[in-house]
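I have placed the structure first, in the form of structure tokens, so that the comments after it can refer back to it.
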Amino acid sequence: MTEPILPPLKPIPIKDRVSVVFLEKGNLDVLDGAFVVVDKDGVRTHIPVGGVACLMLEPGTRVSHAAVTLASRVGCLLVWIGEAGVRLYASGQPGGARSDRLLYQAKLALDDEARLKIVRKMYEMRFKEKPPERRSVEQLRGIEGVRVRKMYELLARQYGVTWKARNYDYEEWGSGDMPNRCLSSATACLYGICEAAILAAGYAPAVGFLHTGKPQSFVYDIADIFKFDSVVPVAFRIAAKNPRQPEREVRLACRDAFRQTRLLHRIIPTIEETLAAGGIERPKAPEEAVPIAIPNKEGIGDAGHRG
Amino acid sequence: MLVIVVENVPPRLRGRLAVWLLEVRAGVYVGHVSRRIREMIWETVEKGIEDGNAVMAWSTNTESGFDFLTLGQNRRVPVEMDGIKLVSFVPEGDQGNATDIA
Numbered sequence: 008m009t010e011p012i013l014p015p016l017k018p019i020p021i022k023d024r025v026s027v028v029f030l031e032k033g034n035l036d037v038l039d040g041a042f043v044v045v046d047k048d049g050v051r052t053h054i055p056v057g058g059v060a061c062l063m064l065e066p067g068t069r070v071s072h073a074a075v076t077l078a079s080r081v082g083c084l085l086v087w088i089g090e091a092g093v094r095l096y097a098s099g100q101p102g103g104a105r106s107d108r109l110l111y112q113a114k115l116a117l118d119d120e121a122r123l124k125i126v127r128k129m130y131e132m133r134f135k136e137k138p139p140e141r142r143s144v145e146q147l148r149g150i151e152g153v154r155v156r157k158m159y160e161l162l163a164r165q166y167g168v169t170w171k172a173r174n175y176d177y178e179e180w181g182s183g184d185m186p187n188r189c190l191s192s193a194t195a196c197l198y199g200i201c202e203a204a205i206l207a208a209g210y211a212p213a214v215g216f217l218h219t220g221k222p223q224s225f226v227y228d229i230a231d232i233f234k235f236d237s238v239v240p241v242a243f244r245i246a247a248k249n250p251r252q253p254e255r256e257v258r259l260a261c262r263d264a265f266r267q268t269r270l271l272h273r274i275i276p277t278i279e280e281t282l283a284a285g286g287i288e289r290p291k292a293p294e295e296a297v298p299i300a301i302p303n304k305e306g307i308g309d310a311g312h313r314g
Numbered sequence: 696m697l698v699i700v701v702e703n704v705p706p707r708l709r710g711r712l713a714v715w716l717l718e719v720r721a722g723v724y725v726g727h728v729s730r731r732i733r734e735m736i737w738e739t740v741e742k743g744i745e746d747g748n749a750v751m752a753w754s755t756n757t758e759s760g761f762d763f764l765t766l767g768q769n770r771r772v773p774v775e776m777d778g779i780k781l782v783s784f785v786p787e788g789d790q791g792n793a794t795d796i797a
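Here the protein sequences come in this chain order: A and B.
Positions in the first sequence are counted from 1; adding 7 to them yields the numbering used here.
Positions in the second sequence are counted from 1; adding 695 to them yields the numbering used here.
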């Protein structure tokens with residue numbers, strides 16, 4: 008067997024990447040080892056997939072096997088989204104690459120005391136103040152709900168938007184009013200990068216603390232910490248302008264907000280910080296377990312990246 | 696950081712660019728200049744380009760960390776995807792107009 012000429016592909020850290028790229032139509036394929044989108048006229052567009060945290064695939068895209076392989080090898084999350092940001096399905100970056108982190112997360116989630124500590128930490132990070140003492144997770148959720156509704160109202164008033172409530176029919180896009188539509192679009196961007204970061208850090212998106220029972224429970228937990236200082240004001244600001252292409256405007260503004268708040272730099276440290284609040288040590292491998300035969304190679308990516 | 700690549704341009708423009716920038720390969724110029732100087736250089740390229748084509752890329756405060764401008768006909772055409780600028784490669788015989796999209 009001949010030696011490969013180029014060194015093997017490795018993922019780069021999430022913080023060194025561009026947040027999201029949206030692809031609307033075309034065939035996603037690999038040509039000469041590069042990730043390309045080919046449209047019906049044969050126009051090829053290279054996507055620097057290794058430098059993107061997640062790719063949002065809108066209806067009208069087809070993905071080849073080679074393209075998914077390449078995306079997963081460089082640690083880019085593929086998210087299939089419905090019309091303008093209603094999520095359908097996500098894959099492309101295999102999750103659960105680190106059993107020690109998965110077990111740690113699961114242990115924290117199963118321990119009532121640790122879970123409460125983490126939920127309190129999330130509350131504190133979110134509202135920049137400590138939650139009231141001696142409250143259960145259930146009660147904290149209640150307080151949080153009230154505060155969130157207040158914040159929506161406040162922001163709506165600040166940007167001069169008519170606001171009724173956060174409601175939308177997730178099955179039918181366009182059923183919500185303008186602010187709701189902008190909010191859905193903006194949160195979809197945020198969820199995408201949060202999920203990419205959670206996977207990159209080696210945790211499971213499904214094991215949530217405040218949220219539960221959804222494939223993205225932990226994604227919602229983490230996204231909620233950032234939601235009100237990034238995407239929600241953006242969504243209301245755009246909604247107030249009543250634009251003709253709200254989704255596009257929202258994405259552009261979200262991109263600016265992510266850059267200005269250095270979200271991709273903060274997101275993994277925040278995940279670690281929240282989990283550390285649980286006060287439990289990371290579990291060690293049991294003594295009787297079979298140790299690794301081939302030592303892991305030093306990677307330049309995040310802990311959860313394979314390769 | 697500023698990079699300019701020119702193709703098929705008159706020698707006088709290439710000579711002029713070499714006044715301010717370092718020509719590291721045929722038609723590839725590298726330098727580090729302020730915004731005003733960059734705009735002045737790009738104006739020079741616009742004036743002297745004739746039938747050739749050029750691209751100028753520089754580091755700036757966008758999400759990708761750089762931005763670029765193109766001039767003249769080329770099979771590589773800049774496209775904008777919700778705030779990220781990428782490049783499309785047009786098949787032969789169907790040449791796009793590689794003017795700036797911004």
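Just so it is clear, CB atoms sit at the ideal spot from N, CA and C, and this is done for glycine as well.
Given the structure is predicted, the values throughout are model-derived calculations rather than measurements.
query, result
"Quick one, which residues of the region 248 to 265 of chain A are near chain B if we go by CB-CB under 7 Å, in chain order?", "255, 258, 259 and 262"
"Determine whether the Cβ of residue 759 of chain B lies closer than 8 Å to any Cβ atom of chain A.", "yes"
"Would you please state the rounded distance, in angstroms, between the beta carbons of residue 763 of chain B and residue 773 of chain B? I believe it to be under 8 Å.", "7 Å"
"Could you work out which residue in B:721, B:787 and B:746 is closest to residue 770 of chain B when comparing CA atoms only?", "B:787"
"From the DSSP output, which residues share a beta bridge with residue 780 of chain B?", "B:775"
"Assuming contact is defined by CB atoms lying nearer than 8 Å, are residue 108 of chain A and residue 310 of chain A in contact in what I supplied?", "yes"
"Quick one: Cα of residue 796 of chain B to Cα of residue 306 of chain A, how far?", "Confidence at residue 796 of chain B is low in this model, with a pLDDT of 48, below 50, so its placement is unreliable and no value can be given for it."
"In the DSSP assignment, the beta strand (DSSP E) including residue 696 of chain B goes from what residue to what residue?", "Run containing residue 696 of chain B: none; DSSP gives neither H nor E here."
"Of the residues B:717, B:745, B:759 and B:727, which one's Cα is nearest the Cα of residue 707 of chain B?", "B:745"
"Compile a chain-ordered list of the residues in the region 760 to 783 of chain B whose CB is closer than 7 Å to at least one CB of chain A.", "774, 776, 777, 778, 779, 781, 782 and 783"
"Which term fits residue 18 of chain A, buried or exposed, when burial requires 16 or more other beta carbons within 10 angstroms of its beta carbon?", "buried"
"When we look at the beta-carbon of residue 719 of chain B and count the other beta-carbons within 10 Å, is it buried (16 or more) or exposed?", "exposed"
"Closer than 8 Å by beta-carbon distance: list the chain B residues that pair up with residue 25 of chain A, in chain order.", "758, 759 and 779"
"If you measure from the beta carbon of residue 272 of chain A to each beta carbon in chain B, is any gap under 8 Å?", "no"
"In the DSSP output, which residue or residues are listed as bridge partners for residue 762 of chain B?", "B:753"
"Sorted by chain position, which residues of the same chain lie with C-beta nearer than 8 Å to residue 717 of chain B's C-beta, five sequence neighbours on each side aside?", "724, 725 and 726"
"Where does residue 170 of chain A fall in DSSP's three states?", "coil"
"When you compare only the Cα positions, how much space is there between residue 38 of chain A and residue 139 of chain A?", "57 Å"
"Using a Cβ cut-off of 8 Å (strictly closer), state whether residue 719 of chain B contacts chain A.", "no"
"Classify residue 793 of chain B as buried or exposed, calling it buried when 16 or more other Cβ atoms lie within 10 Å of its own Cβ.", "Caution applies to residue 793 of chain B, whose pLDDT of 49 falls short of 50 and renders its modelled position unreliable; the value that the coordinates give is listed next. It is buried - the Cβ of residue 793 of chain B has at least 16 other Cβ atoms within 10 Å."
"Measure the CB-CB distance between residue 104 of chain A and residue 313 of chain A and report whether it falls below 8 Å.", "yes"
"Assign residue 726 of chain B to one of three DSSP states: helix, strand, or coil.", "strand"
"For the region 235 to 252 of chain A and the region 47 to 67 of chain A, state whether three or more C-beta atom pairs, one from each stretch, are separated by less than 8 Å.", "no"
"Can you tell me the Cα-Cα spacing of residue 753 of chain B and residue 728 of chain B, whole angstroms?", "9 Å"
"For the ligand NAP, I want to know if residue 72 of chain A counts as a neighbour, meaning its beta carbon is within less than 7 Å of at least one of the ligand's heavy atoms.", "Of the ligands one can find in the structure shown there are none, so the ligand NAP has no counterpart to examine."
"Would you mind stating whether residue 112 of chain A and residue 203 of chain A have Cβ atoms separated by less than 8 Å?", "no"
"With a threshold of 8 Å between beta-carbons, can residue 52 of chain A be considered close to chain B, or not?", "yes"
"Looking at the structure shown, is residue 118 of chain A part of a helix, part of a strand, or coil, going by DSSP?", "coil"
"Once DSSP output is grouped into helix, strand and coil, what is the label at residue 716 of chain B?", "coil"
"Would you mind working out which of A:42, A:115 and A:67 sits nearest residue 783 of chain B, comparing C-alpha positions?", "A:42"
"With DSSP run on the structure shown, which of helix, strand or coil describes residue 61 of chain A?", "strand"
"Tell me which residues share the same chain as residue 222 of chain A and place their Cβ nearer than 7 Å to its Cβ, disregarding the 5 neighbours each side in the sequence.", "212 and 213"
"Where in the region 194 to 244 of chain A do unbroken runs of the alpha helix (DSSP H), each at least 4 residues long, occur, reported from the N-terminal end onward?", "224 to 234"
"Please report the straight-line C-alpha distance between residue 227 of chain A and residue 116 of chain A, rounded to a whole angstrom.", "15 Å"
"I want to see whether chain A comes within less than 8 Å of residue 785 of chain B, judged by CB atoms only; does it?", "yes"
"Taking its Cβ as the centre, do 16 or more other Cβ atoms sit within 10 Å of residue 96 of chain A, making it buried, or is it exposed?", "exposed"
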